[in-house]
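Here's the structure, in structure tokens; my notes come after.
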């Protein structure tokens, strides 16, 4: 795992990087005391995990998170905010971070968080395979936004393109339900990782697309999505 840690307090940063390296001796851990060099590294490095102090002078952790959101090539990078300022956590939720960790409890909490990150990264390598005409197509689950019923066909929308193949929403739901795909509506199945804003009647995705939440599926869908978004 390649991990970048950014905090403007040098002593705290050194302690965090050392603790992570002890837990992941084969991992690559880079420490940044300033958000600017980390931002510059994003074009050259493919980080698996970023641990960011929310409140930093110059370029803050929120600004770095904004850069990740703007550039699609970083969507598989896991984002974790490290802070002791609980009042700033709300502002960070719009970036849909993978998690949070308290500086004052870093040593106690980092081991469990790293295990969760390793599991999530393994899941990002999973694929969904289907036939479209004479072609067999394999798409990473992490690339998928949602499925939409289209008559006797199903439309799969990813970050980059759309696919159309003969299948039902229910059949795909049975295959992907334990992979984080949630039935919002009789005609829509969404990747929970793609949901940015959850409203009473619709879910807004990171792409800006808004999907309806149906009455029959609404309560269960909102419960599952809220549980995921609060992690």
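Residue numbers (the working numbering): 140 to 370.
For every residue, glycine included, the Cβ atom is placed at its ideal position computed from N, Cα and C.
Are residue 242 and residue 223 touching if we call contact CB-CB under 8 Å?
yes
Backbone secondary structure at residue 283 - three-state DSSP:
strand
Would you tell me roughly how many angstroms separate the C-alpha atoms of residue 393 and residue 188, rounded to the nearest one?
The structure shown does not extend to residue 393, since the chain is modelled only from 140 to 370, so the question has no answer here.
Validate contact between the segment 279-297 and the segment 307-326 using beta carbons, cut 8 Å, 3 pairs
yes
Count the other CB atoms, across all protein chains shown, that sit within 10 Å of the CB of residue 231; report buried if there are 16 or more and exposed otherwise.
buried
By alpha-carbon positions, which one of 154, 163 and 260 ends up nearest to residue 217?
260
Exposed or buried, what is residue 366 when buried is set at 16 or more other beta-carbons lying within 10 Å of its beta-carbon?
Classification for residue 366: exposed.
Does DSSP put residue 178 in a helix, in a strand, or in coil?
helix
Beta-carbon proximity list for residue 142, same chain, < 8 Å, skipping 5 on both sides
159, 163, 166, 167, 168, 169, 186, 187, 188, 189 and 190
Spatial neighbours of residue 283 in its chain, beta-carbon cut-off 7 Å, leaving aside the 5 residues before and after:
Sequence-distant partners of residue 283 (beyond 5 residues in either direction) whose C-beta falls short of 7 Å from its own C-beta, in its chain, are 267, 295, 297 and 330.
Anticipated Cβ contact below 8 Å, residue 151 with residue 174, distance rounded:
With a Cβ gap of about 15 Å, residue 151 and residue 174 do not count as contacting.
Judging by CA-CA distance, which residue of 146, 304, 274 and 321 is the nearest neighbour of residue 193?
146
Whole alpha helix (DSSP H) runs in the segment 215-257 with 4 or more residues, listed along the chain?
Qualifying alpha helix (DSSP H) stretches, in chain order: 228-231.
At what residues does the beta strand (DSSP E) containing residue 147 begin and finish?
No beta strand (DSSP E) holds residue 147; DSSP gives it neither H nor E.
With which residues is residue 192 paired in a DSSP beta bridge?
221, per the DSSP bridge assignment.
When the Cα of residue 155 is compared with those of 205, 318 and 246, which residue comes out closest?
246
Let me know the secondary structure DSSP gives residue 183 once reduced to three states.
Three-state DSSP puts residue 183 in coil, outside helix and strand.
Compute the distance between the beta-carbons of residue 351 and residue 340, then report whether it is under 8 Å.
yes
Cutoff 6 Å; reference residue 171; Cβ partners in own chain excluding five residues on either side:
145 and 177
Could you tell me the distance, in whole angstroms, from the CA atom of residue 212 to the CA atom of residue 183?
In this prediction, residue 212 scores a pLDDT of 48, lower than 50, which makes its location untrustworthy; the coordinate-derived value is nonetheless stated afterwards. So the two alpha carbons sit approximately 12 Å from each other.
Selection from 240, 345, 333 and 324 that minimises the alpha carbon distance to residue 354
324
Measuring straight from C-alpha to C-alpha, what distance separates residue 219 and residue 238?
So the two alpha carbons sit approximately 5 Å from each other.
Classify residue 251: buried if its beta carbon has 16 or more other beta carbons within 10 angstroms, exposed otherwise.
exposed
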